[in-house]
Amino acid sequence: MVEINGFLTGGLANVIEKATIIEADTLSQSLTALTNRHGEDFGSRLFDDNGNPRMFINICVDGRDYRFLGSLDAALEPGTELNLIPAVSGG
């Protein structure tokens with residue numbers, strides 16, 4: 014198991030605290046653990062109806078977009094930093 018610092022901004026930060034420590038071996042496990050810990054409101058903001066991460070939520074692992082890791086099943090190392098950043102737009 015690894016500990017992950019999760020930093021949240023925007024609408025996700027309104028659901029849980031700014032930083033949290035969780036134990037997980039993969040990115041998928043970490044997102045599931047966050048959802049289990051913080052409830053359905055958090056989960057519905059993070060995942061779509063098919064269980065996939067919402068397109069407007071940027072998920073970064075140690076500063077890199079998770080899609081560069083190959084999949085949500087990517088293994089995480091101890092001390093990994095997970096950032097969940099809602100996309101921002103405006104004019």
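As numbered in my numbering, residues 14 to 104 make up the sequence shown, in order.
Glycine included, every Cβ here is placed at the ideal spot set by N, Cα and C.
Computed from a predicted structure; not experimentally measured.
- Across the structure, Asp38 and Arg67 are spaced so that their CA atoms are roughly 22 angstroms apart.
- Under the three-state reduction of DSSP, Leu59 is assigned to helix.
- With contacts defined as CB atoms closer than 8 angstroms, Leu82 and Val74 qualify as a contacting pair.
- A distance below 7 angstroms between beta-carbons, with the five flanking residues on each side excluded, links Phe60 to the following residues of its chain, in chain order: Pro66, Arg67.
- The C-beta of Arg58 has 16 or more other C-beta atoms within 10 Å across all chains shown, which makes the residue buried.
- Between Ser43 and Leu89 the beta-carbon gap is near 7 angstroms, inside 8 angstroms, which marks them as a contact.
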